[in-house]
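Encoded as structure tokens, the structure appears first; notes follow it.
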Amino acid sequence: MGNQTYLLETNGLTKTYKGAKVVNGLSLQLEEGEIYGFLGPNGAGKTTTIRMLLGLIKPAKGRVTVFGKDLSKERITILKQIGSLVESPSYYPHLTGKDNLETLRKILQVPKSRIAEVLEMVRLTKMADRKVKEYSLGMKQRLGLAASLLGSPKLLILDEPTNGLDPAGMIYIRELIKQLPVKYGMTVLLSSHLLSEIDQVATKVGIIAKGEMIFQDQIDVLREKASRKLHVQMNDWETGQKVLSRHGIETARHDNWLTMPNQPDGKIAEIVKELVYSGLDIYRVSEEIASLEDIFLNLTKGEETL
Amino acid sequence: MMFSNVLKSEWLKLKHSKVVFIVLASPVLATIIGLFSTMHVPEHQWLGTITTMILAHSAIFLPLLTGVFAALICRHEHSGGSWKQVLTLPVSRLQIYFAKFIVILFLLTLTQTAFLIATWVAGTLKGFSDPFPFVNVLMSVGVGWLACLPLIALQLWLATMLTSFAGPSVVNVMLTFPAVIIANSPLFGPLYPWAHPLLGMTQALSYSLGGDAGFLDSAVTFYVVMISSLALFTVVGSVHFQRREWV
Chain A
13 MGNQTYLLET NGLTKTYKGA KVVNGLSLQL EEGEIYGFLG PNGAGKTTTI RMLLGLIKPA
73 KGRVTVFGKD LSKERITILK QIGSLVESPS YYPHLTGKDN LETLRKILQV PKSRIAEVLE
133 MVRLTKMADR KVKEYSLGMK QRLGLAASLL GSPKLLILDE PTNGLDPAGM IYIRELIKQL
193 PVKYGMTVLL SSHLLSEIDQ VATKVGIIAK GEMIFQDQID VLREKASRKL HVQMNDWETG
253 QKVLSRHGIE TARHDNWLTM PNQPDGKIAE IVKELVYSGL DIYRVSEEIA SLEDIFLNLT
313 KGEETL
Chain B
51 MMFSNVLKSE WLKLKHSKVV FIVLASPVLA TIIGLFSTMH VPEHQWLGTI TTMILAHSAI
111 FLPLLTGVFA ALICRHEHSG GSWKQVLTLP VSRLQIYFAK FIVILFLLTL TQTAFLIATW
171 VAGTLKGFSD PFPFVNVLMS VGVGWLACLP LIALQLWLAT MLTSFAGPSV VNVMLTFPAV
231 IIANSPLFGP LYPWAHPLLG MTQALSYSLG GDAGFLDSAV TFYVVMISSL ALFTVVGSVH
291 FQRREWV
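If you're matching them up, the sequences are chains A and B in order.
Under the numbering used here, the first sequence has 136 at position 124, and the numbering climbs by one with no breaks.
Under the numbering used here, the second sequence has 202 at position 152, and the numbering climbs by one with no breaks.
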């Protein structure tokens, strides 16, 4: 261990509220340049984890290491290079969008021109001089995103960033997030309770349920879990099953359907031929693709029954 | 990160907050009260009017104001959910806390300065011909400023701890009204922070004129209580702010 350096890493992160473990032994690894999708149902412990990553709350157990530094010891040095948007957007309603960012800029000490840049990035330039109390929820959310980008951070932590956005805004923000690693060398961790959100932007996925990490890997690995199945419907399943097992294919039965793992095209043609030669009537041949959503539901459902 | 940057950031948050009306409220009311004051001190043309104004300003408004300023300075962090944004900036929590403290002190300075001007305005409008006792009022205003520090420390602690604008204000109002009565007790007055602005301003005025308003048995007790309560509330408030969980 220790030879692989992660941009962000947690070890056995645990948070307890009133005796209940809200986050339990969470180990999360994030490499530079990744877009890490932190996925889980509402109440699974995503926001609690994110608050611990930012030092807003202290873990009961475990450690957070960011940029190779211990968060509990070098919080301020680490925070210099982190931009964040936690839960609902933060704002001063009586100030304009520009002044809201200015309160942060004075502390972050970035050039004034950066305010116009980030407002442009989230398409709020036209609203810059309007008071934030006049903003819609989606605009406030975009202002929060602009605030997180203000300090040109190395790591961006976004908690449900597309909350409150209309569909067009969602698509735009998703595209913006996708470009951040490529254009600005940022690494992004974003949380969501919707798999479709994560699926469209993330390169790596961590799934949390009941405070525990139940899956963490590249998104492609998750997609592979989306196993395909082949269903064949016929008049006499018993004969069918015998014929297929002679060819080394194990099947499961449901009514007069036989279900087997998906096969290459040539093999399917062979199976059908064999079944027909055995005198069976084939009614239907169909393929089933489990969606990522099904996998997510299965993963998190499994957790609940434990 | 420079502390002055945190201060500038806090100052900017007061823009459009109409805080100037709050700063001027008590001096303006005191002026009106001063204009109608019939209190007359034989050898001193200004003294009756100034005393009336000091009583009105320091017994009720000043203690209330410390609470209003503290609540105001934390109001938008609570309502707009900005604590989590402010506290993930690369500055220590103590810097944030003391930047807020200093902004409140600055607002208090403005109020006290406005009050000083208000006494001159009231007397001048009444056509007083004796020279304005500037040094005496300045002494009173200065000690009044000092006497507000423990209250400010306490109110800032409450305002950062309770997540609402109303909470700390209600507590403050309830504890301010008995101050007038408690201030009359030479024993309990110095022990009660809400009575301190009244005690401080009246005593300082009379001492500077070579008299004694008679509110205090011992000025030492007053200053010891003031300094130790300031230290206590500041330490407890800032340590709590630094350690608390921002859920």
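Note that beta-carbon positions come from the ideal geometry of N, C-alpha and C, so glycine has one too.
Kindly list the residues whose CB is nearer than 7 Å to the CB of ALA164(B), restricted to its own chain and excluding five residues on each side of it in sequence; keep chain order.
Numbered from its first residue, the second sequence carries residue 164(B) at position 114. Contacts found: VAL73, LEU74 and PRO77.
Considering only residues of the stretch 258-301 of chain A, which uninterrupted alpha helix (DSSP H) runs meet the minimum length of 4 residues and lie entirely inside it, listed in chain order?
The qualifying runs are 277-289.
Residue environment, SER87(B), which counts as buried when at least 16 other CB atoms sit within 10 Å
In the second sequence, residue 87(B) corresponds to position 37, counting from 1. It counts as buried.
By DSSP, does VAL114(A) sit in helix, in strand, or in coil?
Mapped onto the first sequence, residue 114(A) falls at position 102. The sequence given here has Glu at residue 114(A), not Val. Note: GLU114(A) maps to helix in three-state DSSP.
Pick from ARG154(A), GLU299(A) and GLN93(A): whose alpha carbon is nearest that of ILE185(A)?
As a first step, residue 185(A) is located in the first sequence; it is residue number 173 there, counting from the start. Comparing Cα positions, the closest option is ARG154(A).
Which one of PRO200(B), LEU282(B), MET251(B) and ALA281(B) has the shortest CA to CA distance from LEU188(B)?
Here residue 188(B) refers to the residue found at position 138 when the second sequence is read from its first residue. Looking only at PRO200(B), LEU282(B), MET251(B) and ALA281(B), the smallest Cα-Cα distance to LEU188(B) is reached by MET251(B).
So which residues on chain B does VAL78(A) lean against when the C-beta distance must stay under 8 Å?
Working through the first sequence from its first residue, we reach residue 78(A) at position 66. Here the premise fails: no neighbours, minimum Cβ distance about 12 Å.
DSSP-derived helix/strand/coil call for LYS27(A):
Numbered from its first residue, the first sequence carries residue 27(A) at position 15. Here DSSP, grouped into helix, strand and coil, assigns LYS27(A) to strand.
Pick from GLN93(A), HIS205(A) and VAL213(A): whose alpha carbon is nearest that of SER57(A)?
What you label residue 57(A) is simply residue 45 of the first sequence in a count that begins at 1. It should be pointed out that residue 57(A) corresponds to Gly in this sequence rather than to Ser. Selected option, being the one with the closest Cα: HIS205(A).
Secondary structure at ALA93(B), three-state DSSP: helix, strand or coil?
To locate residue 93(B), count along the second sequence from 1; it is residue 43. In the sequence under discussion, the amino acid at residue 93(B) is Glu, which differs from the Ala named in the question. In this structure, GLU93(B) counts as coil in the three-state DSSP scheme.
MET225(A) bridges to which residues according to DSSP?
Your numbering for residue 225(A) matches position 213 in the first sequence. Beta-bridge pairing links MET225(A) to ILE220(A).
May I ask you to report which of helix, strand or coil DSSP gives GLN93(A)?
Translated into positions along the first sequence, residue 93(A) becomes position 81. Reduced to three states, the DSSP call for GLN93(A) is coil.
Strictly under 9 Å for the Cβ-Cβ distance: is GLU316(A) near chain B by that measure?
As a first step, residue 316(A) is located in the first sequence; it is residue number 304 there, counting from the start. At GLU316(A), the pLDDT of 47 sits below 50, so the modelled position is not reliable and the matter cannot be decided from this model.
Could you name the residues of the same chain whose beta carbon sits closer than 8 Å to that of MET103(B), not counting the 5 residues immediately before and after it, in chain order?
Taking the second sequence and counting its residues from 1, the one referred to as residue 103(B) is at position 53. If we look at MET103(B) and ignore the five residues flanking it on each side, its Cβ neighbours are ALA80, THR81, ILE83, GLY84, SER87, PHE165, ALA168, THR169 and ALA172.
DSSP-derived helix/strand/coil call for GLN121(A)
For the purposes of this step, residue 121(A) is taken as residue 109 along the first sequence, with counting starting at 1. In this structure, GLN121(A) counts as coil in the three-state DSSP scheme.
Distance, Cα to Cα, SER288(B) vs LEU139(B)?
Against the second sequence, residue 288(B) aligns to sequence position 238. Against the second sequence, residue 139(B) aligns to sequence position 89. Within the model, the alpha-carbon separation for SER288(B) versus LEU139(B) is close to 18 Å.
Can you list, in chain order, the residues of the stretch 94-106 of chain A whose Cβ is nearer than 8 Å to any Cβ on chain B?
Among the residues of the stretch 94-106 of chain A, those with a Cβ less than 8 Å away from any Cβ of chain B are ILE94, SER96, VAL98, GLU99, SER100, PRO101, SER102, TYR103, TYR104, PRO105 and HIS106, in the order of the chain.
Opening and closing residue of the beta strand (DSSP E) in which ASN36(A) lies:
Sequence index remark: in the first sequence, residue 36(A) carries index 24 (1-based). 32-42 is the extent of the beta strand (DSSP E) around ASN36(A).
Cβ-Cβ separation, GLY74(A) to LEU331(A) (assumed contact under 8 Å), whole Å
Since the displayed chain A opens at 13 and closes at 318, residue 331(A) lies outside it and no answer follows.
Can you list, in chain order, the residues of its chain whose CB lies under 8 Å from that of LEU280(B), leaving out five sequence neighbours each side?
Position 230 of the second sequence, counted from the start, is the residue given in the question as residue 280(B). A distance below 8 Å between beta-carbons, with the five flanking residues on each side excluded, links LEU280(B) to the following residues of its chain, in chain order: LEU199, PRO200 and ALA203.
What span of residues does the alpha helix (DSSP H) with GLY217(B) cover, start to end?
Mapped onto the second sequence, residue 217(B) falls at position 167. Start and end: 216-226.
With distances taken from CA atoms, which of SER102(A), GLY55(A), SER96(A) and GLU43(A) is nearest THR77(A)?
If you number the first sequence from 1, residue 77(A) lands on position 65. Ranking SER102(A), GLY55(A), SER96(A) and GLU43(A) by CA distance to the CA of THR77(A) puts GLU43(A) first.
Using the Cβ count rule (16 or more neighbours within 10 Å means buried), how would you classify THR174(B)?
By 1-based counting over the second sequence, the position of residue 174(B) is 124. THR174(B) is exposed by the Cβ-count criterion.
Members of the stretch 155-174 of chain A near chain B, C-beta cut-off 7 Å:
Of all residues in the stretch 155-174 of chain A, ALA159 have a Cβ within less than 7 Å of some Cβ in chain B.
Terminal residues of the beta strand (DSSP E) in which LEU170(A) lies
The residue given as residue 170(A) occupies position 158 in the first sequence. 167-171 is the span of the beta strand (DSSP E), which, as asked, contains LEU170(A).
Between which two residues does the alpha helix (DSSP H) containing LYS152(A) stretch?
Residue mapping note: residue 152(A) aligns to position 140 of the first sequence, counting from 1. LYS152(A) -> alpha helix (DSSP H) spans 149-161.
Starting from GLY57(A), follow the beta strand (DSSP E) in both directions and report where the run begins and ends.
As a position in the first sequence, residue 57(A) is number 45, starting the count at 1. Element bounds for GLY57(A): n/a, residue is neither H nor E.
Does the beta-carbon distance from LEU158(B) to PHE291(B) come in below 9 Å?
Counting from one through the second sequence, the residue named residue 158(B) turns up at place 108. Counting from one through the second sequence, the residue named residue 291(B) turns up at place 241. In this structure, the beta-carbon distance from LEU158(B) to PHE291(B) does not fall below 9 Å.
Beta carbon of ASP171(A), beta carbon of LEU97(A): below 9 Å?
Numbered from 1 along the first sequence, position 159 holds the residue referred to as residue 171(A). Numbered from 1 along the first sequence, position 85 holds the residue referred to as residue 97(A). The answer is yes: Cβ separation under 9 Å.
When the cut-off is 9 Å and only beta carbons count, does GLY14(A) lie next to chain B?
Here residue 14(A) refers to the residue found at position 2 when the first sequence is read from its first residue. Annotation note: pLDDT 48 at GLY14(A) (below 50); position unreliable, coordinate value reported separately. So, not an interface residue.
With distances taken Cα to Cα, identify the nearest neighbour of GLN228(A) among THR137(A), PHE50(A), MET182(A) and ARG117(A).
Here the question's residue 228(A) lines up with position 216 in the first sequence. Nearest option by C-alpha distance: PHE50(A).
Does the contact criterion of 3 or more C-beta pairs under 8 Å hold for the stretch 229-236 of chain A versus the stretch 255-262 of chain A?
Fewer than three beta-carbon pairs drawn from the stretch 229-236 of chain A and the stretch 255-262 of chain A are found closer than 8 Å, and the two stretches are therefore not classed as touching.
The ligand MG and PRO273(A): does any heavy atom of the ligand fall closer than 8 Å to the residue's C-beta?
Questions concerning the ligand MG fall outside what the structure shown contains, since it holds no ligand whatsoever.
Between SER108(B) and LEU248(B), which are expected to be in contact by the criterion C-beta below 8 Å, what is the C-beta distance as a whole number of angstroms?
Numbered from its first residue, the second sequence carries residue 108(B) at position 58. Numbered from its first residue, the second sequence carries residue 248(B) at position 198. Rounded, the Cβ-Cβ distance is 4 Å, consistent with contact.
Residues bridged to THR116(B) by DSSP?
For the purposes of this step, residue 116(B) is taken as residue 66 along the second sequence, with counting starting at 1. Per DSSP, none; premise fails for THR116(B).
Cβ atoms of LEU311(A) and ILE226(A): under 9 Å apart, would you say?
Translated into positions along the first sequence, residue 226(A) becomes position 214. Translated into positions along the first sequence, residue 311(A) becomes position 299. For the 9 Å CB-CB criterion, ILE226(A) and LEU311(A) form a contact.
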